[in-house]
Structures are given as C-alpha cells and as structure tokens.
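Just below is one structure, and these are the notes that go with it.
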Amino acid sequence: MPEMDDPRQSEGAQRKVTRRQFILGVIAGGAVVSAASYRLLAPGHGRLSSANWSERLISINVNGKARRVEAMKQETLAWTLRYKLGLTGTKLGCDRAECGACTVLLDDVPHYSCSVLTHTVRNKKVTTIEGLAAADGKLHPVQQAVVDQQGFQCAFCMSGFIMATVGYLKQNPNPTRAELAHGISGNLCRCQDYSKILDSMMRGAEYTRNGFPAERRA
Amino acid sequence: MADLDPVGAAKAEAEKPRPFGTGYKLIGKDYSTNDLVAKVTGRSKYAEDFRAEGMLFCRLVLSPMPHARVKRINAEKALAMPGVRGILTPDEVPGHADYVNDNGTRIRADRWGELALADEPMYQGEPILAVAAVDELTCAEAIERIEIEMEPLPFATDPLESLRPGSANAREDGNVWVQEGRQEPQLAVLKWTNEDFAAEKEGKLPMGHAPEEWSFGDVDAGFKNAALVLDETFLTPDVSHQCLEPRTTMARWENGKLFLYTGTQSTMQTVPAIARWMHMDEDKIVFISEYTGGGFGSKITGALTLVIPALLSRKLNAPVMMRVSREEEHFIGRARPGIRARTKVGFAKDGRVTAVDMFLVSDAGSYGSNGDGGACGQITSLLYQPPAMRWRNVTVATNTPPRSAQSAPGGMQAIAIMEPILAKAARQLGVDQVALRRVNCPEGKAEFGPPNHEGQRGHATSCFLKQALDLGAEQFKWNERVARRPRQMGTKVRGVGVSLSTFHGGSSGFDGLIVITPEGRVQIQSGVGNLGTEALIDVHRAAAEVLDVPWEVCDIVWGDTSKHLPYTCHSGGSQTIHAMTRAGHAVGLECVQRLKEVAAKKLGGQPDDYVIANQRVARKGGGAGLSFAEAAQQAIRLGGIYDGHDVNPEVNKVTKTSVAALAGQGLVASARDNYSHEGDSFSFLACFAEVEADVETGKYYITDYLAYADVGTVIHPAALGGQVLGRSTLGIGHAIGQKWVIDPQYGVTVAERFYQNRPPTILDVPVDMKWNALNIPDPETPVGARGCGEPPVGGGCAAILNALADALGDNIFQRAPVNADTILTSYEAGRPMQNPLLAHI
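Those sequence lines, one after another, are chains A and B. Under the working numbering, the final residue of the first sequence carries the number 218; numbering is consecutive throughout. Under the working numbering, the final residue of the second sequence carries the number 1841; numbering is consecutive throughout.
As structure tokens, this is what we get:
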C-alpha cells in the first residue's frame, strides 16, 4: 500500500497505532478502508489462501429449512445467504448498517444481515425475501400489496423494506402512516420513492390484517 | 367559449386538463408492470446476483492522493501468493482512440479523458490497480503486499481557488475548459487578477474573465427600467448520485465473445460504449442488464470501470466479479457539479423579470467538461422568460471525483439559484409569490436560450405551466396558508414556498420492434434500461393501444442484447417516455398494416378492407378473418417483409441486425419514429412546500409538499407519481443536507458514506406528499407524452429553500444545503454566517 509503514491490520494483530501511522492512515483513508473492509468478507469456496481464515460447518434455519453451511467465524449473514446459500434477494447496499437493503428477520425481528455474524444465528429462525411467499407461490400480503400498488422504482432496497415492514407489522399490525414510516425508517431508498413505498406498505398492513381482496386470491 | 371560432374552440378544448386515461384503453390507467413479481420475491437479478463457474473476484486499489503519478508498481510478492491469479495495471487498459459506432457516428478520442485505471490519478479514490484472486480476502491480502511508489503532484479542490493568481492547476496543462463553437472543450490556463477577487470581501462572487458567454435582448435597458434590482451570490452543492446498487460488474468470455453483466440506464446504448472502451467490435459483445439499482445519470451507458473485470477475465481466462464497495462508489460513482453563481435580476413593480445577468463558476471535477453551466443558462431563460439576459460561465477542472449529469443537470442548479431571488423580490415588492411566478411563467411555444446563427431562438413544443401553477395553488390552499397567522408559535416558525420547475422531456428518431408469435402473443422487444421508473415497460402500452390488444397478451423482452432488441434512446435527459412511446406508436401502426396485408393475401381483397379488433384481423363489417396466431403463421409462410427475412429499410442499423436474428419467428414488424417534432420537448411543474423550523435548535421539518405537473399525456399514473415525488425528494436532498466535505489541505474527502452524506430518509419528507398532473397532450408527439424523470428536481429543492426563507427571512443562507447550524448561527446574527464561496465545507 502506498504511504503506509505497516498496513497490515489483520484480525488479532496488535493494534498499536502511532501518531504518524494515524495521520498517514487518514491520508490514505479511501484505499485503506476499502481494502481492509473486505478482509472480513471472504467468500470461502474452500480455497482459502491463508490458514488464518478457517471455516466451520454449522447448521442454520433459513426460510424454514435446516441449511448446513461452512462459515468463517467472522462471516456475515448477508455473505452466507448470498454467496453460500444462493439467496441473492438479500441485497448489499452499503455493508455497514447504513441502508437496510440487507434486512432479514431473525425470529421475526428485522436485522441488518450485513452486520450479523452467521455464527450467532444458529439458534434463530432466519427469514429472507425468498421465504415470504407460500410454497404454492401465493405472495405474502405485503408482497402482494407492492404489486398492486406499483410500489418502488429500482427495487434494490425493496427486499429490505419488505422484510422491515413484515417485522414491524408483527409488533404493530394497525399502524398509522407516520408510525409505519418510523418503523421502517432504518431503510434507505435512493430513488426516494417513499410516498409510493408507504402507500404499498399501508396496503400491506391492511392485507395482513384482513386478507387480500377476494379477486386477488390465488 | 361561445364567442370563439370553431378552430379556437377546438384549441381551447385541446388545452384543457382531463382525467387520466381519457380516450384510451391502456394509456393513463394503472396496472402492475411485468417485472414486479420477480422484484418482490427476490428473483430479480442485479449484476452482483449472477454467478459463473470458476468465478474469480477482483478488488481495486484506489489512489490515496488527490493528484499523483504512479512511479513504480511491484506486485511480485502478491502474485506469488496462493489464490492470487493476476493484476491489471493502467498500461493494460485500452487508451484513447477515435471510435465509429455501428450506427456510423464517429466519437473523437479525448486525450484528457478518463480511463478505467490511472497512472496519473486525478482524484483521491481513483482506481490505479486491480487484483484478481479466488476470493476477496485473498485480494485484500495481496493488495497489502503490493508496493506502489507514487509521486505527489500539485492539486486543486476548490474551483475558485484555482482561478487565483499563482494557484495550482488540477492538471499540468490547465485548469479551465474552453469550448469554442461546436468544437470539443479544450483545457486552458485561466487566472484572474487580485482586483478581480476584490468582490469576495463583500461576500460576492468575484467575476473575472469568463470564456463562455451569450446574451440576448437589451440587458442594460432591462436593469435601467427595473423597479428593483437584486444582485445575489449563491452556491449549489456537489451531490453524489449514490445509487443504492454500486457499479458492480461481472464479466466472462466465451468463444471470443464478451458476456458482461452490470447496471445501466440504457441497454442498447451501452453496447457501443463497451465496444469503445474495450476497443472491440459491437457484435462480439453480449450485454446483460435485467435490473439496475439506480442511475440518476451516473449509469447512462453503464460505467467505465466495467472494463476492469472484462480485461481481467480475458487475461486470466476465467469469469471475474468486481464488487464495488460503498466507499469506492463515493469516489467513482459520479456527482452533480456544484455551481457558484452571481446573478443580477431586474424586476418591474408587478414582479415581471426585466433582465437577468448570470455569472457562473462550475466545478468540472477531475475529468472532462460538463454541460451543467450551459444548461443552467438555458433553463433560466426558459423558466422565467426574461426579455433580456446575459450568461457567462467558467468551467473549472479540480482534483475531486468526476462529475456527470445528475437528474436535471444544470436545470436543478438554475432553479436553486433563481428561485430564492424571485422569492426575495416578491417580499420586497409586496407581490404574492404565486402571482410573481405567474407573470413570469412560460407559456405555449415559449422561447429559450440565445438566438442561433440564423437569429432564431429555440422554443418549447408546448407549455401549460400557468394552469399547473393555478391548479396547484388551489390544491395546496396557498392563499389560506399565506393568510394563516400567527406564523410563529413559541420557538416554532412556519413558512411556505413555491417554485417553478422544468427540464428537457424528450427526443425522437428511435425504433420499435414487435413479433406476433404463432401462438398469438404480442412480443415487444424493449431496449430501454430497467431503472424501475417503468419506462422500460410503460412505453409499450402505446403499441398495445394501437394494436387494440389486452395487456395480458403482451410479453416484454428486455435486459439481454442476445435477445435482439431495437435501437433505443439513452435513458437520460428524461427522453424515454417521449421517444419510445413515439417508436411504440410507429411500430404499432406498422404491425397493423402488415397484419392487414397478410390477411388480404390469404383471404383476398385489399389491406384496407380489413380492421383489427379482438386480436383478429378481419373484413370490415364482419366476415372472414385471421386470428393473430393464424396471421403470424401465415406471415412465416409468406416470409420476406412479413417474418423479418426482409427489413423495413427505414429502421436504424442496430434494429436491422435484431430483425434478421428474429426472422422466421412470427410476424416481425419494425418501424422508425419519423413523426415530426417541431421544437424542444420540456416538462414543467409547479412545486409547493410548507416547513416548520425551530429557531432555538435550527432543526426544521417539511410539513407539506405538492408538485403539479405538466408532462403531456399521463401514461402510467402510479409510475409518474413515483417520478414526480421521487425526483422532487432527490432535489429536496440538496436543500436539506447533502453535500461533500473535502479537506483543502490534503485534498482528501471526509464525507464518503451514507451516514456522512445521507440522502433524505422516509422521515425527512412529509408522510403524505402529493402530486397531480394536467394530462394535456403535447401537440408535437402522437401519444402526447413527455418525460418527467428530471423536471421535478429543481422545484423540490427550491420550494424548500423558499419556504425556509419565508419562515426565517432573507438573511439566513447563501448556499445550499441549509442545515441546523446554518439556521442557528445566521438567525442570531441576522445575516448569512456561512461562507458562500468556499467549496466542500
């Protein structure tokens, strides 16, 4: 790395940072942050180059099924879902708990899966966007509401918003518009389609309480 | 209306607002678009969701310095690591060369242009090297072992500072972009004198030499006859596009063909861009982009960095995934250029603008010039219809991340600069804010810009903004809100603001392509990118309407150039709804004609003896006919022009190739939009906002918002509502908080993540924002529809700024965004306390 005396800051290494290193670190900020951040995100494939990054076979419950997966101790749930289990509906927008695109339910409570370690969910029930619809393909009420309301634009944030809403509605099934907005305010939509998102989610709340309109039943 | 002649009465009728969907079966009606179920179930695939056997990952090394030269790279230790497969250095990236695209357009090489990897990085965060390995962890470890020696070079991060005598230039050969005539902009050195800078002591933008200038009308007389002249300095923020999906790309090669997966705004227009960047033929590229997670102008033809995995994949003979992190996206993801403006505006007693003198210093960032300064002048001249105007502009290169068009490039800045001046004038003249906009409002074929070499000014295709302003004021209950007293309750003070808004809304000359299959399905080929605005799908409602088929029999094919798509506009400049409903209308008519011909050949008589109805082509007045399925089967038997073995000679070259590939699959119809298009298409909005500010904390809330649109015929109300309020909110971000922060001493960025530079959240906007539209068809396009992706942005920003000034007074801000600290410090001091000229603070 340019301008760095000792750029190695791997896990477990001594974190003695001198004043000079700190200042240089600020100067080299962009490169260091972006390179170092992905040290925690190895995709594995059992082809690891370093003995430091060992994987362990664990079992986690995802969308009602027990899934066995080899995960590193520092591996995030988002990574496991996307790269080990093929569940790419969970999106990575920031990887640092800022945008909510990776929101999944852990025991029915919304969490940012980019900031949850896979090892910590072994005794929890993980639900992703792929696990919402019924086995026969019938959409979850909140999903159906988005379809009916033409909610969202690019939809990169959509699975996170839907999961956050489904989780919030379990706590508060009959929210006001303002309450629901507050309940899903941990999610960011860059298309800024908030009005249509709220329309969809309010309708989703209504469908969840009262069922779909008859003509939309599968 | 009784005293009107018949022609006048018809015109008056044509210019009346009408309920959405009037006169149509599909257009103007809400429906669920064909891509939605895949989105809500997580099955939709964005670039990072694709996988390939043996896929490698690559990571970027970014420049830690704002301007430097890479002297030496030693990757020996890295390349020796297990799992590391290779690196890509700047000298392996194809350089600048002229390029002729498949449609025959020559694109000149730009010697100042950006390449995917730089040996002389021009901004902190510019990619200088890429490493590919079996996983990202190994990439990161390898990067730590690469030795890179860099020589720091002089840099400039503030455009105004770069104009000072003796200051550093962003590039060794200059600091400003100069455009003469129709030539490409050239880099030159421009320094102002110390005398030029004297004005900054008064908090005014200095005005030295400006390389670009135009004017029309008698500007001096306009000021001389004015009842009020304001001379204001204002700075608009640099705001990153911050697409939620970073510009991640996967690439693989198969039998000499490149298969490339990334987000784009324009599927068909991205292929020539890839070919140009890679120095390869377009027919060797298969481009897949089914879903794109936001563009806003930063992915018009994908992104230049896509060549990195493409080159690594070719070099290493394996698929390569390049995931882009949020920090990297901040640096390489583009941004709107900030503009500092000094604008003198003369007003008559009733608020009518008598003259405008606009002086701009635009920040071009590290690569290339941009058109924002130019558009700023054009949009000002259109939206406020000054009888006389002078425009001057300096576009300055800086060592900051590259800028590009962002929703309403230049137009957003024009409105943010002009509207607070209009609001201030209304207060000083004692004229109602809506009334002042009304007297300045463009109308009909409103003129804009300076005269061309033939002495002609450009003009809009149509403008009904006055109606939108009046109906909007009524719906927003403007008069009641203004009359509401007292405005201040305790520490809370309320204010209302109105803003006009506009931007370009359409182009023409593209193609439509339809296959009626032997099963009777109407298969519509769409070359539009999928940004989720639903233009991708909505535009084809025009073809279905002409064919008089229910939407359920239509299939849309998109997102993969191996599926043979037609020549399609860029989805930028809010062109698509206008351009592609025209193409859709044209191909619908072509399809109808071919169906009639097929029926006449099979059943006798002339084509005109037949009509289309109920998915059949049948004799007028009942009688023999063919179902669409039978007609398609018959078209295949006939061959030639009917099944695509011959092609409509009018269509563009790209479409001809696609037609040839689809030949024999059914009745294949293609057509080019040859409809007349007199004037330039713009869409317009009137935007209204109310805010409540706490003068003790500086915190404020937007309590209400309404945007009333004049966008021609409404195609899909829900999608339009998403555009009007979504892009309004993008503009609101510029007013309430988004900006860059750059350390001027080291030239490094401080705000690079969402939490430091956050777009508005769901809590930053009212829970019940409202929109409406006139639905008056544009007379210059067959379906009457214009685009609305960009026109609301400026209005969203300026309505908030004006509401804040209404609540807090005219002496609070001279720059956007207006944050709590802006209000706290300035409200107490009674004058704007933030420096209006310093960049990136």
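Positions of the beta carbon are idealized from the N, C-alpha and C atoms, including for glycine.
State yes or no: is the C-beta of residue i within less than 8 Å of the C-beta of residue j?
i, j, result
"B:GLU1796", "B:ARG1727", "The question names Glu, but residue 1796 of chain B in the sequence shown is Gly. Yes, Cβ-Cβ distance for B:GLY1796 and B:ARG1727 is below 8 Å."
"B:CYS1058", "B:VAL1134", "no"
"B:VAL1093", "B:LEU1260", "no"
"B:ALA1170", "B:ALA1335", "no"
"B:SER1681", "B:TYR1291", "no"
"B:LEU1513", "B:PRO1566", "yes"
"B:LYS1077", "B:ARG1145", "yes"
"B:ASP1806", "B:VAL1353", "no"
"B:SER1507", "B:GLN1406", "no"
"B:VAL1598", "B:LEU1547", "no"
"B:GLY1449", "B:GLN1378", "yes"
"B:THR1157", "B:PRO1744", "yes"
"B:LYS1204", "B:ARG1342", "yes"
Return the chain-ordered list of same chain residues with a C-beta closer than 6 Å to the C-beta of residue i, the five sequence neighbours on each side being excluded.
i, result
"B:LEU1306", "THR1249 and THR1262"
"B:ASN1835", "none"
"B:ALA1798", "ILE1415, ALA1416, GLU1419 and SER1499"
"B:ALA1707", "LEU1685, CYS1687, VAL1724, SER1728, TRP1771 and PRO1792"
"A:SER37", "Here the model assigns A:SER37 a pLDDT of 33, short of 50, so the residue's position is not dependable, and the following value carries that caveat. Within the same chain, A:SER37 has no close Cβ partners at all."
Give a yes or no on whether 8 Å exceeds the smallest Cβ distance from residue i to chain B.
i, result
"A:GLN171", "no"
"A:PHE212", "no"
"A:VAL121", "no"
"A:TYR168", "no"
"A:TYR207", "no"
"A:GLU70", "no"
"A:LEU139", "yes"
"A:LYS196", "yes"
Residue i CB to nearest chain A CB: under 8 Å?
i, result
"B:VAL1765", "yes"
"B:PHE1503", "no"
"B:ALA1829", "no"
"B:PRO1386", "no"
"B:THR1292", "yes"
"B:ASP1538", "no"
"B:MET1001", "Bear in mind that a pLDDT of 43 at B:MET1001, under 50, signals an unreliable position, so the model cannot answer this."
"B:GLY1721", "yes"
"B:TYR1700", "no"
For the candidate residues the options, whose alpha-carbon lies nearest to that of residue i?
i, options, result
"B:SER1685", "B:SER1501, B:ILE1715, B:LEU1565 and B:ALA1613", "The amino acid occupying residue 1685 of chain B in the given sequence is Leu; Ser does not appear at that position. Per the Cα distances, B:SER1501."
"B:ALA1414", "B:SER1298, B:PHE1234, B:MET1580 and B:VAL1498", "B:PHE1234"
"A:GLN153", "B:ALA1631, B:ARG1323, B:GLY1293 and B:ASP1238", "B:GLY1293"
"B:ARG1051", "B:VAL1061, B:ARG1252 and B:ILE1087", "B:ARG1252"
"B:PRO1386", "B:ALA1785, B:ILE1308, B:ASP1357 and B:PRO1211", "B:ASP1357"
"B:ALA1210", "B:HIS1540, B:LEU1382, B:SER1508 and B:VAL1189", "B:VAL1189"
"B:GLY1622", "B:ARG1637, B:ASP1609 and B:GLY1809", "B:ASP1609"
"B:LEU1383", "B:VAL1659, B:MET1321 and B:ARG1438", "B:ARG1438"
"A:ARG96", "A:ALA78, A:GLY137 and A:GLU55", "A:ALA78"
"A:PHE161", "A:THR208, A:SER200, A:LEU87 and A:GLY137", "A:SER200"
"A:TYR168", "A:ARG56, A:CYS94, A:LEU105 and A:VAL62", "A:LEU105"
For the ligand ZN, is there a heavy atom less than 7 Å away from the beta-carbon of residue i?
i, result
"B:LEU1763", "Inclusion of the ligand ZN in the displayed structure is not the case, the ligand content being empty and no account of it being possible."
Using a Cβ-Cβ cut-off of 8 Å (strictly less than) and excluding sequence neighbours within five positions of residue i, which residues of its own chain qualify?
i, result
"A:ALA66", "SER59 and ILE60"
"A:LYS91", "ALA101, CYS102, PHE156, CYS157, SER159 and GLY160"
Give every residue of the same chain whose Cβ lies closer than 7 Å to the Cβ of residue i, excluding the five residues on either side of it in the sequence, and list them in chain order.
i, result
"B:ASN1194", "PRO1165"
"A:SER34", "Legend: pLDDT at A:SER34 = 37, less than 50; position of this residue unreliable, no value from coordinates given."
**Study point:** chain A contacts made by the segment 1032-1044 of chain B, where a contact means CB separation under 8 Å
**Key:** SER1032, THR1033, LEU1036, VAL1037, LYS1039, VAL1040, THR1041, GLY1042, ARG1043 and SER1044
Point to revise | Near-chain B residues of the segment 92-114 of chain A - C-beta to any C-beta below 8 Å | key: LEU92, GLY93, CYS94, ASP95, ARG96, GLU98, CYS99 and ALA101
Check your understanding: According to a CB-to-CB cut-off of less than 7 Å, which residues of the segment 1317-1334 of chain B neighbour chain A?
Key -> SER1325, ARG1326, GLU1327, GLU1328 and PHE1331
Review point. At a Cβ cut of 7 Å, what residues of the segment 1723-1734 of chain B count as close to chain A, listed as they run along the chain?
Key: LEU1725, GLY1726, THR1729 and LEU1730
Review point. Going along the chain, which residues of the segment 1232-1263 of chain B sit with their C-beta nearer than 7 Å to a C-beta in chain A?
Key: GLN1242, CYS1243, LEU1244 and GLU1245
Review point. For the segment 1736-1762 of chain B, which residues have a beta carbon sitting closer than 9 Å to at least one beta carbon of chain A?
Key: ASP1743, TYR1746, VAL1748, THR1749, VAL1750, GLU1752, ARG1753, PHE1754, TYR1755, ARG1758, PRO1759, PRO1760, THR1761 and ILE1762
Check your understanding: If you measure beta-carbon to beta-carbon, which residues of the segment 1643-1674 of chain B are closer than 9 Å to chain A?
Key -> none
Review point. Relative to chain A, which residues along the segment 1501-1532 of chain B have a C-beta separation below 7 Å, given in chain order?
Key: LEU1531 and GLY1532
Exercise for review: Please list the residues of the segment 1764-1786 of chain B that have a C-beta atom closer than 7 Å to any C-beta atom in chain A, keeping them in chain order.
Suggested key: VAL1765, VAL1767, ASP1768 and MET1769
Practice item. Scan the segment 55-80 of chain A for residues whose Cβ lies nearer than 9 Å to a Cβ of chain B and list them as they occur along the chain. Key: MET72
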